[in-house]
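Peer 1:
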Amino acid sequence: MNKENTVGMVTPKVMKTQEKLLLESGKGLDSFDITYEVYGELNKDKTNAVLICHALSGNHHVAGYHDGDKKPGWWDNMIGPNKPINTEKFFVVSLNNLGGCHGSTGPTSIDPKTKKYFGSNFPIVTVGDWVNVQKILMDYLEIPFWQIVVGGSLGGMQSFQWAVQYPSLIKNSIIIAAAPRLTAQNIAFNEVARQAIMKDPNWHGGNYLEKKVSPEHGLALARMLGHITYLSDESMGEKFGRDLKKSKLGFDFDVEFQIESYLRYQGEKFVSSFDANTYLLMTKALDYFDPLKDFGEEFYKKLKQTDCKFLVISFNSDWRFPPVRSREIVKMLLQSEKNVSYSEIISGGGHDAFLMENNDYFQIMKLFTDEIHNNV
Amino acid sequence: MFRKDLLLISSWVKPSTKVLDLGCGDGELLKILRQEYSVHGYGIENDVENIKKSIKNGVNVLQIDLDAGLDDFESKSFDYVVLAQSLQVLKDPKKLIDEMLRIGNEIIVSFPNMGHWSSRLNLLLTGKMPVTENLPYSWHETPNIHLCTIKDFMVFCEENDYKILEKSITTVNQKNNFLTKNFPNLFGEIATFRIE
Chain A
1 MNKENTVGMV TPKVMKTQEK LLLESGKGLD SFDITYEVYG ELNKDKTNAV LICHALSGNH
61 HVAGYHDGDK KPGWWDNMIG PNKPINTEKF FVVSLNNLGG CHGSTGPTSI DPKTKKYFGS
121 NFPIVTVGDW VNVQKILMDY LEIPFWQIVV GGSLGGMQSF QWAVQYPSLI KNSIIIAAAP
181 RLTAQNIAFN EVARQAIMKD PNWHGGNYLE KKVSPEHGLA LARMLGHITY LSDESMGEKF
241 GRDLKKSKLG FDFDVEFQIE SYLRYQGEKF VSSFDANTYL LMTKALDYFD PLKDFGEEFY
301 KKLKQTDCKF LVISFNSDWR FPPVRSREIV KMLLQSEKNV SYSEIISGGG HDAFLMENND
361 YFQIMKLFTD EIHNNV
Chain B
1 MFRKDLLLIS SWVKPSTKVL DLGCGDGELL KILRQEYSVH GYGIENDVEN IKKSIKNGVN
61 VLQIDLDAGL DDFESKSFDY VVLAQSLQVL KDPKKLIDEM LRIGNEIIVS FPNMGHWSSR
121 LNLLLTGKMP VTENLPYSWH ETPNIHLCTI KDFMVFCEEN DYKILEKSIT TVNQKNNFLT
181 KNFPNLFGEI ATFRIE
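Just so you know, the protein sequences line up as chains A and B, in that order.
Everything in the first sequence is counted per the numbering used here, starting at 1 for the first residue and increasing by one.
Everything in the second sequence is counted per the numbering used here, starting at 1 for the first residue and increasing by one.
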């Protein structure tokens, strides 16, 4: 275990709030907890705070190691000492979004009103709701504004939303492998994932925890489907090709090809650490995301107000949110005369490329954040 | 070191305007325009190393292939659209110049003059495609697929009703002399035009 060049051992913290939170759906929560981690130090002028937003299956543990863990946080290659998001220079905050299943209040928490698991009674949350909660966390940590908000995929959407929702509280927004809204095809994939979960015999209307079971097969299937869309044909071909697990074809329906084995493993691994109701919530937040429609005429007015600078990054092999979708974001920013840079990174990694180390990608990130730090 | 041909272009740009620089390289022109003239600029590049250099220079840079068009830009959304020494690498120069005129109120185009005496003499004496200090590539590896002379370009402007507002024909070092003034197509190395 090489813990050098990482933020080292980290311990999650919890923000407990008793304030009522009103959600976009009209529903609300009387109180909620948010689990978060911090790395680096907030400078005296409080001008170096960076918010990391996670994607569909992510959480607050982005960098360093938890006690006893062999693997670091999910974005450890990006965040740490002298890494693109340099913890020697920036104070980095990451959280588990509301509705998550890694410590923040969500479907696996106990509803204080009923003393039972929230389960499917947990209200639908939106990207806008998450940004509101992130603002509450920002105030709680006594941070006046984010110097950078950064995220990939659904995380990138939160970063974009910040600039429109709180135009004066964000200085730089890094939006990676994202889109300004989902296409019908994107929503279709999410719906198949949801149906896989809700058709599982252990679903029980979403209140499976009360029955001490879990819709594991459905959730694994949802993850397998998702995983296919996160990789490219090229990367799957390189990694697995048509390789067999056995020496010859068995003429049966056992696992035969390596890719089948890999997908099943990914599915099984996922169900041990993720909640099906949270998966449903995350996919809904994706489907609902459409700031241009939500803000209507206000959208461009809000964008006009912000002096936020943007970096938009896409990957050529990403077919879930291909470069053309990032270009839509760039076009909106150009129309508003925002400072924006855009790069389309060559990578075979598909949508997941945003999580992988890549020289061009990491250098661009580092140059952009160094330039920000020089001007702080 | 600052490219001298960019100095000329920056002198043509009015302060506090909006500039789109096509093929912006390391973003040098935009950096100077921002620092010295409060110009709001964007660069277009398709080379990732130049993207990095531009970001390091703190200028806005967008990775877009010029040959694929400029659909992301609204009509008349810039005061100037600049194409410095990249005309000759484009697949369809006319299409791009039309796009530039759609997007900008004025456009600034510069290119190396293929009519310079050294190119002419080179071809005449060696019988080979000219390889000069200013155009250092062999025919099979050159990115310069649409080279032209100053005369060619002026005919091109006339044929397409491009109105030339200003022109400067100089040596590589942006020097004017008796020869570049009187025999521009023979002695000019770099030609820069302001067009609307």
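Ideal Cβ placement from N, Cα and C applies to all residues, glycine included.
Using a Cβ-Cβ cutoff of less than 7 Å, which residues in the same chain neighbour residue 1 (chain B) once the five nearest sequence positions on both sides are dropped?
Peer 2: Walking along the second sequence from the start, residue 1 (chain B) turns up at place 1. Bear in mind that a pLDDT of 46 at residue 1 (chain B), under 50, signals an unreliable position, so the model cannot answer this.
Peer 1: Taking 8 Å as the threshold, find out whether the stretch 43-52 of chain A comes into contact with the stretch 97-105 of chain A through three or more Cβ pairs.
Peer 2: Output reads no: the stretch 97-105 of chain A does not touch the stretch 43-52 of chain A.
Peer 1: Can you tell me where the beta strand (DSSP E) holding residue 40 (chain B) begins and where it ends?
Peer 2: One-based indexing of the second sequence puts residue 40 (chain B) at position 40. Start and end: 40-45.
Peer 1: Report yes if the CB atom of residue 108 (chain B) is closer than 9 Å to the CB atom of residue 137 (chain B), and no otherwise.
Peer 2: Looking up residue 108 (chain B) in the second sequence gives position 108. Looking up residue 137 (chain B) in the second sequence gives position 137. Result no, Cβ atoms of residue 108 (chain B) and residue 137 (chain B) do not sit closer than 9 Å.
Peer 1: If you drop the 5 nearest sequence neighbours on each side, which residues of the same chain put their C-beta closer than 7 Å to that of residue 151 (chain B)?
Peer 2: In the second sequence, counting from the first residue as 1, residue 151 (chain B) sits at position 151. 115 and 185.
Peer 1: Suppose the cutoff is 6 Å on Cβ atoms and the five residues either side in sequence are ignored; what does the same chain contact list for residue 64 (chain B) look like?
Peer 2: Translated into the one-based positions of the second sequence, residue 64 (chain B) becomes position 64. Cβ neighbours of residue 64 (chain B) within its own chain (closer than 6 Å, five residues either side excluded): 44.
Peer 1: Is there a C-beta anywhere in chain B that falls below 9 Å from the one on residue 346 (chain A)?
Peer 2: Working through the first sequence from its first residue, we reach residue 346 (chain A) at position 346. Yes, contact with chain B.
Peer 1: So what does residue 210 (chain B) bridge to, in DSSP terms?
Peer 2: Outside the displayed span of chain B (1 to 196) sits residue 210 (chain B), for which this structure offers no information.
Peer 1: Under a three-way DSSP split, which group does residue 53 (chain A) fall into?
Peer 2: Here residue 53 (chain A) refers to the residue found at position 53 when the first sequence is read from its first residue. Strand.
Peer 1: Would you report the Cα separation of residue 214 (chain A) and residue 188 (chain A), rounded to the nearest angstrom?
Peer 2: In the first sequence, the residue the question calls residue 214 (chain A) occupies position 214. In the first sequence, the residue the question calls residue 188 (chain A) occupies position 188. One C-alpha to the other measures close to 24 Å.
Peer 1: How long is the line joining the alpha carbons of residue 236 (chain A) and residue 259 (chain A), rounded to whole angstroms?
Peer 2: For the purposes of this step, residue 236 (chain A) is identified with residue 236 of the first sequence, where counting begins at 1. For the purposes of this step, residue 259 (chain A) is identified with residue 259 of the first sequence, where counting begins at 1. Distance between the alpha carbons of residue 236 (chain A) and residue 259 (chain A) is about 8 Å.
Peer 1: Could one say the Cβ of residue 146 (chain B) lies closer than 9 Å to chain A's Cβ atoms, at least one of them?
Peer 2: On the second sequence, residue 146 (chain B) is found 146 positions in, with the first residue counted as 1. No, no contact with chain A.
Peer 1: Show which residues of chain A have a CB atom less than 7 Å away from the CB atom of residue 58 (chain B).
Peer 2: As a first step, residue 58 (chain B) is located in the second sequence; it is residue number 58 there, counting from the start. Those are 371, listed as they occur along chain A.
Peer 1: When you compare each of A:219, A:204, A:297 and A:234 to residue 191 (chain A) by their alpha carbons, which one comes out closest?
Peer 2: Taking the first sequence and counting its residues from 1, one reaches residue 191 (chain A) at position 191. When only C-alpha atoms are compared, the closest one is A:219.
Peer 1: Between A:40, A:66 and A:161, which lies nearest to residue 303 (chain A) when the distance is taken from Cα to Cα?
Peer 2: Counting from one through the first sequence, the residue named residue 303 (chain A) turns up at place 303. Cα-wise, what sits closest to residue 303 (chain A) is A:161.
Peer 1: Report yes if the CB atom of residue 109 (chain A) is closer than 9 Å to the CB atom of residue 60 (chain A), and no otherwise.
Peer 2: Start at 1 with the first residue of the first sequence, and residue 109 (chain A) comes out as number 109. Start at 1 with the first residue of the first sequence, and residue 60 (chain A) comes out as number 60. No, these two residues do not count as a Cβ contact at 9 Å.
Peer 1: May I ask you to list, following chain order, the residues of the stretch 29-54 of chain B that have a beta carbon less than 8 Å from some beta carbon of chain A?
Peer 2: Within the stretch 29-54 of chain B, the residues whose Cβ lies closer than 8 Å to some Cβ of chain A are 40, 42, 48, 51, 52 and 54, listed in chain order.
Peer 1: Pick out whichever of A:351, A:321 and A:144 has its Cα sitting closest to the Cα of residue 168 (chain A).
Peer 2: Residue numbering aside, residue 168 (chain A) sits at position 168 when the first sequence is read from its first letter. That would be A:144, whose Cα lies nearest to the Cα of residue 168 (chain A).
Peer 1: Between which two residues does the alpha helix (DSSP H) carrying residue 133 (chain A) extend?
Peer 2: Position 133 of the first sequence holds residue 133 (chain A). Run containing residue 133 (chain A): 127-140, per the alpha helix (DSSP H) assignment.
Peer 1: Is residue 192 (chain B) helix, strand or coil by DSSP?
Peer 2: Working through the second sequence from its first residue, we reach residue 192 (chain B) at position 192. Correct three-state label for residue 192 (chain B): strand.
Peer 1: For the beta strand (DSSP E) that contains residue 166 (chain A), what are its first and last residues?
Peer 2: What you label residue 166 (chain A) is simply residue 166 of the first sequence in a count that begins at 1. Run containing residue 166 (chain A): none; DSSP gives neither H nor E here.
Peer 1: Tell me whether the stretch 50-65 of chain A and the stretch 149-161 of chain A touch, counting them as touching only if at least three CB pairs, one residue from each stretch, are closer than 8 Å.
Peer 2: yes
Peer 1: Residue 213 (chain A) bridges to which residues according to DSSP?
Peer 2: On the first sequence, residue 213 (chain A) is found 213 positions in, with the first residue counted as 1. Residue 213 (chain A) is not bridged to any residue.
Peer 1: May I have the straight-line CA-CA distance separating residue 117 (chain A) from residue 277 (chain A), to the nearest angstrom?
Peer 2: Stepping through the first sequence from its first residue, residue 117 (chain A) is reached at position 117. Stepping through the first sequence from its first residue, residue 277 (chain A) is reached at position 277. Cα to Cα, residue 117 (chain A) sits roughly 11 Å from residue 277 (chain A).
Peer 1: Specify the secondary structure class of residue 28 (chain B) as computed by DSSP and reduced to three states.
Peer 2: For this step, residue 28 (chain B) is matched to residue 28 along the second sequence. The answer is helix: DSSP assigns residue 28 (chain B) an H, G or I state.
Peer 1: Can you tell me whether residue 6 (chain B) is buried or exposed, with buried defined as 16 or more other CB within 10 angstroms of its CB?
Peer 2: As a position in the second sequence, residue 6 (chain B) is number 6, starting the count at 1. With 16 or more other Cβ atoms within 10 Å, it is buried.
Peer 1: For the candidate residues A:335, A:166 and A:313, whose alpha-carbon lies nearest to that of residue 325 (chain A)?
Peer 2: For the purposes of this step, residue 325 (chain A) is identified with residue 325 of the first sequence, where counting begins at 1. For residue 325 (chain A), the nearest C-alpha among the options comes from A:313.
Peer 1: Three-state secondary structure (DSSP) at residue 145 (chain B)?
Peer 2: Residue numbering aside, residue 145 (chain B) sits at position 145 when the second sequence is read from its first letter. Residue state, collapsed to three classes: coil.
Peer 1: Consult DSSP for residue 90 (chain B) and reduce its assignment to one of helix, strand or coil.
Peer 2: Along the second sequence, read from residue 1 onward, the residue named residue 90 (chain B) stands at position 90. Residue 90 (chain B) falls in the coil class under three-state DSSP.
Peer 1: Tell me, which residues are paired with residue 21 (chain A) by DSSP?
Peer 2: Working through the first sequence from its first residue, we reach residue 21 (chain A) at position 21. Paired residue(s): A:29.
Peer 1: What in chain B is Cβ-close to residue 149 (chain A), meaning under 9 Å?
Peer 2: Your numbering for residue 149 (chain A) matches position 149 in the first sequence. By Cβ distance, chain B contributes nothing, its closest Cβ being about 18 Å from residue 149 (chain A), past 9 Å.
Peer 1: From the DSSP secondary-structure annotation, give me the bridge partner or partners of residue 36 (chain A).
Peer 2: As a first step, residue 36 (chain A) is located in the first sequence; it is residue number 36 there, counting from the start. Partner(s): A:13 and A:95.
Peer 1: If the cut is a Cβ gap below 7 Å, which residues of chain A does residue 74 (chain B) touch?
Peer 2: Position 74 of the second sequence, counting from 1, holds the residue named residue 74 (chain B). Residues of chain A passing the Cβ test: 335.
Peer 1: Among residues of its own chain, excluding the 5 on either side of residue 166 (chain B), which ones have a beta-carbon nearer than 8 Å to its beta-carbon?
Peer 2: Within the second sequence, the letter at position 166 stands for residue 166 (chain B). When the five nearest sequence neighbours on each side are left out, the beta carbons in the same chain lying within less than 8 Å of the beta carbon of residue 166 (chain B) are those of 12, 193 and 194, in order along the chain.
Peer 1: Under a Cβ-count criterion, where at least 16 other Cβ atoms within 10 Å of its own Cβ denotes burial, should residue 139 (chain B) be classed as buried or exposed?
Peer 2: In the second sequence, counting from the first residue as 1, residue 139 (chain B) sits at position 139. Exposed, because fewer than 16 other Cβ atoms sit within 10 Å of the Cβ of residue 139 (chain B).
Peer 1: Going by Cα to Cα distance, which pick from A:333, A:12 and A:329 is closest to residue 178 (chain A)?
Peer 2: Translated into the one-based positions of the first sequence, residue 178 (chain A) becomes position 178. Taking only the C-alpha atoms, the option nearest residue 178 (chain A) is A:329.
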